[in-house]
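*Asks:* Residue numbers for the sequence shown, in this note's numbering: 594 to 853.
Quick reminder that beta carbons are idealized off the backbone N, C-alpha and C, glycines included.
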Amino acid sequence: FEEIKVKELKYSDVTINTMLDILIKSHKIKEAWELFDCMKEKYDIDPDKYSYSTIIKALKYDNDPSKVEKAFGVLDILRNKNVAVNDEIIFNCLLEVCIKYKMIEKMEKLFEEMKEIGVTPSKVTYSIMIRGYGQIYNIDKAFDIFNEMKAANCKPNKIIYGALLNSCVRCSNINKFNEVYQEMLREKVEMNVILYSTLIHGYAKAKKLDKCLEVYDQMLKDANVSPNIIIHNSMLDACIECQNTQKMAEIYDIIRKKAL
Numbered sequence: 594f595e596e597i598k599v600k601e602l603k604y605s606d607v608t609i610n611t612m613l614d615i616l617i618k619s620h621k622i623k624e625a626w627e628l629f630d631c632m633k634e635k636y637d638i639d640p641d642k643y644s645y646s647t648i649i650k651a652l653k654y655d656n657d658p659s660k661v662e663k664a665f666g667v668l669d670i671l672r673n674k675n676v677a678v679n680d681e682i683i684f685n686c687l688l689e690v691c692i693k694y695k696m697i698e699k700m701e702k703l704f705e706e707m708k709e710i711g712v713t714p715s716k717v718t719y720s721i722m723i724r725g726y727g728q729i730y731n732i733d734k735a736f737d738i739f740n741e742m743k744a745a746n747c748k749p750n751k752i753i754y755g756a757l758l759n760s761c762v763r764c765s766n767i768n769k770f771n772e773v774y775q776e777m778l779r780e781k782v783e784m785n786v787i788l789y790s791t792l793i794h795g796y797a798k799a800k801k802l803d804k805c806l807e808v809y810d811q812m813l814k815d816a817n818v819s820p821n822i823i824i825h826n827s828m829l830d831a832c833i834e835c836q837n838t839q840k841m842a843e844i845y846d847i848i849r850k851k852a853l
């Protein structure tokens, strides 16, 4: 970057965007924002959607809410130009920012605008929305998004089911939690350690140790899953949550024998 100055070469948008990316990946967030802010004045380069999509990443590390509106300037570009397939990634980043700063109303408007300008939500988008509603304990809206996704012929995957299960746990809604789990069984969703752990945690919170043990047993028999210490610990936590020290000792014995 300094060599370009010395040789008096002309900066390009690619140069600036690359520097932004490097600064953010190096966690030099202050310098990244300074470069972004002076692009037009100092280098006569208008920020484009790539500049914005890069600087949005800085919001993961920057807790200054005043920066959020700057990042949302990308919407003006997306509204006034033909959108591309990868613009869905930009919207997903902005939706994540909304969740981080608990701007749920803005998240909802952004989601609607995304569809209005012709950017099709992906499974990632839907999972972000479900997680956002789970954070504010609105399980009904989380399921509205889930049903909208299915109506759009977008088949739920394990990420979607995981987000929905977590929302049910957060909202302490065991009935909805059961509904999701039963649908997963019907749809033969490929399970993983995270999903099994979430199921055990959810049933433990509802004090249903029998269901925790059912899920745990299913996991142990699942040839496609390699249990790790996290899921065994989840089951131990469930026994403690349900105040069953005898079962806790049995589970611990299983863990100890597997370790040996």
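Buried or exposed, going by whether 16 or more other CB atoms sit within 10 Å of the CB of L671?
*Replies:* L671 should be labelled buried.
*Asks:* Give every residue of the same chain whose Cβ lies closer than 8 angstroms to the Cβ of L613, excluding the five residues on either side of it in the sequence, and list them in chain order.
*Replies:* The answer, listed in chain order, is A625, L628, F629, S644, T647, I648.
*Asks:* Could you compute how far the alpha carbon of N821 sits from the alpha carbon of V786?
*Replies:* C-alpha separation (whole angstroms): 8 angstroms.
*Asks:* Quick one: Cα of E634 to Cα of P640, how far?
*Replies:* Those two C-alpha atoms are separated by around 11 angstroms.
*Asks:* For C691, count the other beta carbons within 10 Å of its own beta carbon; 16 or more makes it buried, fewer makes it exposed. Which is it?
*Replies:* Classification of C691: buried, given that the 10 Å Cβ count is 16 or more.
*Asks:* Please classify Y754 as buried or exposed, where buried requires at least 16 other C-beta atoms within 10 Å of its C-beta.
*Replies:* Classification of Y754: buried, given that the 10 Å Cβ count is 16 or more.
*Asks:* Mind checking if Y730 is an interface residue toward chain B, Cβ cutoff 8 angstroms exclusive?
*Replies:* You won't find chain B in this structure, because it holds only one protein chain.
*Asks:* When you compare only the Cα positions, how much space is there between V798 and S765?
*Replies:* First, the amino acid is wrong: residue 798 is Lys here, not Val. If I take the Cα positions, the gap works out to 8 angstroms.
*Asks:* Suppose the cutoff is 6 angstroms on Cβ atoms and the five residues either side in sequence are ignored; what does the same chain contact list for I824 look like?
*Replies:* Result list for I824: V786, Y789, S790, in chain order.
*Asks:* For M828, which three-state DSSP category applies?
*Replies:* It is helical.
*Asks:* Classify C631 as buried or exposed, calling it buried when 16 or more other Cβ atoms lie within 10 Å of its own Cβ.
*Replies:* Counting Cβ neighbours within 10 Å, C631 comes out exposed, since fewer than 16 surround it.
*Asks:* Which of the three DSSP states, helix, strand or coil, is assigned to H794?
*Replies:* Helix, per DSSP.
*Asks:* Helix, strand or coil: how does DSSP classify T647 here?
*Replies:* In this structure, T647 counts as helix in the three-state DSSP scheme.
*Asks:* Within 10 angstroms of the Cβ of I833, are there 16 or more other Cβ atoms? Answer buried if so, exposed if not.
*Replies:* Result: exposed.
*Asks:* As an exercise, report each continuous alpha helix (DSSP H) stretch of at least 4 residues that is fully enclosed by the region 612-675, in chain order.
*Replies:* Runs found: 622-630, 632-636, 642-649, 659-664, 667-673.
*Asks:* Using the Cα positions of Y796 and L687, report the straight-line distance between them to the nearest angstrom.
*Replies:* For Y796 and L687, the distance between alpha carbons rounds to 33 angstroms.
*Asks:* Around the Cβ of E780, are there at least 16 other Cβ atoms within 10 angstroms (buried) or fewer (exposed)?
*Replies:* The residue is exposed, with fewer than 16 neighbouring Cβ atoms inside 10 Å.
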